[in-house]
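Undergrad: This is the structure, below, for whatever I ask next.
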Amino acid sequence: MRLSRYFLPVLKETPAEAQIVSHRYMLRAGLIKQAAAGIYSWLPLGLRVLRNIERIVDEEQQLAGHIPLLMPTLQSADLWRESGRYDVYGDEMLRIKDRQGRDLLYGPTNEEMITDIFRSYVSSYRDLPLTLYHIQWKFRDEMRPRFGVMRGREFLMKDGYSFDVDRDSALVAYDRHMVSYLRTYERIGLQAIPMRADSGPIGGEYTHEFLVLAETGESEVFYDSAILDLKLADRPVNYADTDQLKSIVAEWTAPYARTDETHDAALFANVPSDRQRSSRGIEVGQIFYFGTKYSEAMNAMVTNSEGKRVPAEMGSHGIGVSRLLGAIIEANHDDKGIIWPEGVTPFHCGIVNLRQGDIETDAACVALHDGLVALGLDPLYDDRDERAGAKFATMDLIGLPWRITVGPKGLKNGVVELTSRRTGETEELPPEQAVERIARIYAGL
RNA sequence: CGGGGCGUAGCGCAGCCUGGUAGCGCAUCUGUUUUGGGAACAGAGGGUCGCAGGUUCGAAUCCUGCCGCCCCGACCA
């Protein structure tokens, strides 16, 4: 993509309303534009990142054997009356009337709708286990939206719902989700720690929140630093192997890690003192086994192997997709701008032409650009007639992890510069090798 | 929803207290010179001062109401 042909409205000055770094950079780098309190338009660059995250989440869910579908944003109030939540949910639910005076709502979550789909078609344990999920916009009319997409009213979320015939099998679904979430965050380039969460009035210990450590996080968290060393890395995961799932979950839930909601000072004291940590965290996902709350209320029954009709054992599991952008930036930035992890970067690398208009330099940039595109990569070529400083500032702000700098001086020696946004390290090498290097970096992703 | 603050050019702001027909920086456009880390000079365009009403000869400025946005709190992926 040529920058001169793209739509990238970067801001030199920080908009007054943005308080935290991720919000400021999202506005300045032209990722989003606020449409109303807690509601945002996704500009081209922001949309690219959002789609990348969505794609990774989607791929990992399907690897885990979960089935995608798509439910609407608008829902009829009837299902919510059936579950009893229409009156309970309160002002956070955006309620709408259509022209016939029927009560609709903009879905804040989808337990009712998925339970209705499930009960319409599934009646036997032979069709289980089943996990259905979608990635869809939600609306929760927060009292106080803030921090940009970290705490918007409209947000994109992957929400999945597991259905099983009994508790044991539902807990396998729970483990499967935890493993798939660990893989997802790792691919995105984030360290998200599963922490024992508060299960609320339903009770039970089977809920974990995934938190990204960041000063601007809204939750206070306490953990054993040993958990930071855990990595799935290239470990092969077989989702059919419930023992493997269980052992991975055991590994990640062994070190102490809790939010202030569930924090237990006595237990925390057992952690060796040099490993006791407390900090702030951003919640980017939650898994939750809640049993038969909705299946009983909405009569979602299945026949088990003994011929008995039992309510389905359910869990709901969410990843805040749009919120992840904010979390990624909070965890990956410096004073010049964003530093995207390779897994989600909107463009694989930037190409900076230091002498736009110089025939040889222009030709070298185009050759680099086309060479990368031929390998299936997506470079952003800054072909504006600007000074080097302005071009570098833009590249630093929008945070592409790699930059190739092309100028007449280097070309005289047959080299271009390859610079890492994260480390700032620069290496001179022939253009063809720069292309190969970029290709190799992205090969496994 | 309670408390506080803000709304003036695309962005960041001054002017308001003490009323007299709108200004600065950046950005934009034209031209010239420039070009290895946010260029210089010259010129130009762009605003019903959030909306409505009131006071006044006259309102960005004073008064009233409304709308929007931000911050702190209680609630949340």
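Quick note, this note's numbering runs 122 ahead of the 1-based positions in the first sequence.
Beta carbons: idealized from backbone N, C-alpha and C, even for Gly.
Remember, predicted model here, so these are calculated numbers, not experimental data.
#1: Tell me where the alpha helix (DSSP H) around N174 begins and ends.
#2: Using 8 Å as the cut-off, can you tell me whether the region 454-461 makes contact with the region 172-189, which would need three or more C-beta pairs spanning the two stretches below that distance?
#3: To which residues of the same chain is R124 closer than 7 Å at the C-beta, ignoring the five residues directly before and after it?
#4: Look at the alpha carbon of D286 and the alpha carbon of I236, and state the distance between them as a whole number of angstroms.
#5: So, does the region 434-446 touch the region 280-297, judging by three or more C-beta pairs under 8 Å?
#6: Report the residue from L165, L389, I161 whose alpha carbon sits nearest the alpha carbon of R266.
#7: Specify, as a first and last residue, the run of the beta strand (DSSP E) that L352 falls within.
#8: In terms of residues, what are the limits of the beta strand (DSSP E) holding S427?
#9: Report the residue ranges of all alpha helix (DSSP H) runs contained in full by the region 348-415; include only those spanning at least 4 residues, in chain order.
#10: Looking only at its chain, what residues have a beta carbon closer than 7 Å to the beta carbon of T425, apart from the 5 residues adjacent to it on each side?
#11: Less than 8 Å between the C-beta atoms of W202 and L304, yes or no?
#12: What are the partner residues of I451, as DSSP defines its beta bridges?
#13: Report the CB separation of K531 from V474 in whole angstroms; it is logged as a contact under 8 Å.
#14: Strictly by DSSP, which residues pair up with E276?
#15: DSSP on A510, reduced to helix/strand/coil?
#16: Measuring straight from C-alpha to C-alpha, what distance separates L533 and Y378?
#17: Go through the region 224-269 residue by residue and report every complete run of the beta strand (DSSP E) that reaches 3 residues or more, in order.
#18: Return the chain-ordered list of same chain residues with a C-beta closer than 7 Å to the C-beta of A295, the five sequence neighbours on each side being excluded.
#19: In this structure, what does DSSP give as the bridge partners for I473?
#20: Using three-state DSSP, classify S126 as helix, strand or coil.
#21: Nearest to R445 by CA position, among D386, F332, A292, is which residue?
#22: Please confirm if the region 412-420 is in contact with the region 349-362, defined as three or more CB-CB distances below 8 Å between the two stretches.
#23: Out of D363, E554, G472, F129, which one is the CA nearest neighbour of R525?
#24: Only counting the same chain, and skipping five residues up and downstream in sequence, which positions put a Cβ closer than 8 Å to that of D180?
#25: Measure the C-alpha to C-alpha separation of L447 and R273 and round it to an integer number of angstroms.
#26: Check for me: the beta strand (DSSP E) holding H439 runs from which residue to which?
#27: Excluding sequence positions up to five away, which residues of its chain have a Cβ less than 6 Å from the Cβ of L476?
#28: Go ahead and pull the three-state DSSP assignment for M193.
#29: Using 8 Å as the Cβ pair cut-off and three pairs as the minimum, do the region 393-411 and the region 303-317 touch?
#30: My understanding is that R402 touches S347, with C-beta atoms under 8 Å, so please give their C-beta distance in whole angstroms.
#31: Can you tell me which residues form a DSSP beta bridge with Q156?
#32: Note the first and the last residue of the continuous beta strand (DSSP E) segment covering L201.
#33: Would you check if the distance between the CB atom of Y564 and the CB atom of E482 is smaller than 8 Å?
#34: Can you tell me whether DSSP reads R559 as helix, strand or coil?
#35: Is R217 near the ligand SAH, judged by its Cβ being under 7 Å from some heavy atom?
#36: Could you tell me how far apart the beta carbons of L165 and P131 are, in whole angstroms, since I believe they sit closer than 8 Å?
TA: Looking at the atomic coordinates:
#1: To locate residue 174, count along the first sequence from 1; it is residue 52. 166-185 is the span of the alpha helix (DSSP H), which, as asked, contains N174.
#2: Taking 8 Å as the limit for Cβ pairs, the verdict is that the region 172-189 does not touch the region 454-461.
#3: Along the first sequence, read from residue 1 onward, the residue named residue 124 stands at position 2. Closer than 7 Å at the Cβ level, and outside the excluded window around R124, lie Y503, D505.
#4: The count along the first sequence starts at 1 and reaches residue 286 at position 164. The count along the first sequence starts at 1 and reaches residue 236 at position 114. About 14 Å.
#5: With a cut-off of 8 Å, the region 280-297 and the region 434-446 count as touching, because enough Cβ pairs lie within range.
#6: Within the first sequence, residue 266 is the residue found at index 144, counting from 1. Looking at the Cα atoms, I161 is the closest of the given residues.
#7: The count along the first sequence starts at 1 and reaches residue 352 at position 230. No residue range can be given for L352, since it is assigned to no beta strand (DSSP E) and is classified by DSSP as neither H nor E.
#8: Taking the first residue of the first sequence as 1, we reach residue 427 at position 305. S427 -> no beta strand (DSSP E), and no H or E assigned at all.
#9: Fully enclosed alpha helix (DSSP H) runs of 4 or longer: 364-375, 387-390.
#10: One-based indexing of the first sequence puts residue 425 at position 303. Excluding sequence neighbours, T425 sits near S245, S246, Y247, R431.
#11: As a position in the first sequence, residue 202 is number 80, starting the count at 1. As a position in the first sequence, residue 304 is number 182, starting the count at 1. Using a Cβ distance threshold of 8 Å, W202 and L304 do not count as a contacting pair.
#12: Taking the first residue of the first sequence as 1, we reach residue 451 at position 329. Partner(s): none; I451 has no beta bridge.
#13: Counting from 1 along the first sequence, the entry for residue 531 is found at position 409. Counting from 1 along the first sequence, the entry for residue 474 is found at position 352. So it is not a contact: roughly 14 Å between Cβ atoms.
#14: As a position in the first sequence, residue 276 is number 154, starting the count at 1. DSSP lists F261 as partners of E276.
#15: What you label residue 510 is simply residue 388 of the first sequence in a count that begins at 1. Correct three-state label for A510: helix.
#16: On the first sequence, residue 533 is found 411 positions in, with the first residue counted as 1. On the first sequence, residue 378 is found 256 positions in, with the first residue counted as 1. In this structure, the straight-line span from the alpha carbon of L533 to that of Y378 is close to 55 Å.
#17: If we require 3 residues or more, the beta strand (DSSP E) runs fully inside the region 224-269 come out as 225-228, 252-261.
#18: Taking the first residue of the first sequence as position 1, residue 295 is located at position 173. Closer than 7 Å at the Cβ level, and outside the excluded window around A295, lie P251, T253, S284, D286, G437.
#19: Within the first sequence, the letter at position 351 stands for residue 473. In the DSSP secondary-structure assignment, I473 is bridged to Y503, I526.
#20: As a position in the first sequence, residue 126 is number 4, starting the count at 1. Residue state, collapsed to three classes: helix.
#21: To locate residue 445, count along the first sequence from 1; it is residue 323. Relative to R445, the option among D386, F332, A292 whose CA is nearest is F332.
#22: The answer is no - the region 349-362 does not touch the region 412-420, with fewer than three Cβ pairs under 8 Å.
#23: By one-based count along the first sequence, residue 525 stands at place 403. Residue G472 is the option with its Cα nearest to R525.
#24: For the purposes of this step, residue 180 is taken as the residue at position 58 of the first sequence. So the list reads P190, I257, K280, once near-sequence residues are dropped.
#25: Taking the first residue of the first sequence as position 1, residue 447 is located at position 325. Taking the first residue of the first sequence as position 1, residue 273 is located at position 151. Cα to Cα, L447 sits roughly 11 Å from R273.
#26: Taking the first residue of the first sequence as 1, we reach residue 439 at position 317. From DSSP, the beta strand (DSSP E) with H439 extends over 435-442.
#27: The sequence position of residue 476 within the first sequence is 354, counting from 1. The residues are A510, G529.
#28: Working through the first sequence from its first residue, we reach residue 193 at position 71. If DSSP states are grouped into helix, strand and coil, M193 belongs with coil.
#29: Under the 8 Å Cβ criterion, the region 393-411 counts as touching the region 303-317, having at least three qualifying pairs.
#30: Here residue 402 is taken as the residue at index 280 of the first sequence, counted from 1. Here residue 347 is taken as the residue at index 225 of the first sequence, counted from 1. About 15 Å separates the CB atoms of R402 and S347; that is not less than 8 Å, and the two are not in contact.
#31: On the first sequence, position 34 is the one that residue 156 refers to. Answer is Y162.
#32: As a position in the first sequence, residue 201 is number 79, starting the count at 1. Judged by DSSP secondary structure, L201 falls outside any beta strand (DSSP E) and instead within the alpha helix (DSSP H) spanning 199-205.
#33: As a working mapping, residue 564 is identified with position 442 in the first sequence. As a working mapping, residue 482 is identified with position 360 in the first sequence. Against a cut-off of 8 Å, the Cβ pair of E482 and Y564 comes out as no contact.
#34: Within the first sequence, the letter at position 437 stands for residue 559. The answer is helix: DSSP assigns R559 an H, G or I state.
#35: Ligands in the displayed structure: none, and consequently the ligand SAH is not present.
#36: As a first step, residue 165 is located in the first sequence; it is residue number 43 there, counting from the start. As a first step, residue 131 is located in the first sequence; it is residue number 9 there, counting from the start. Confirmed, about 7 Å.
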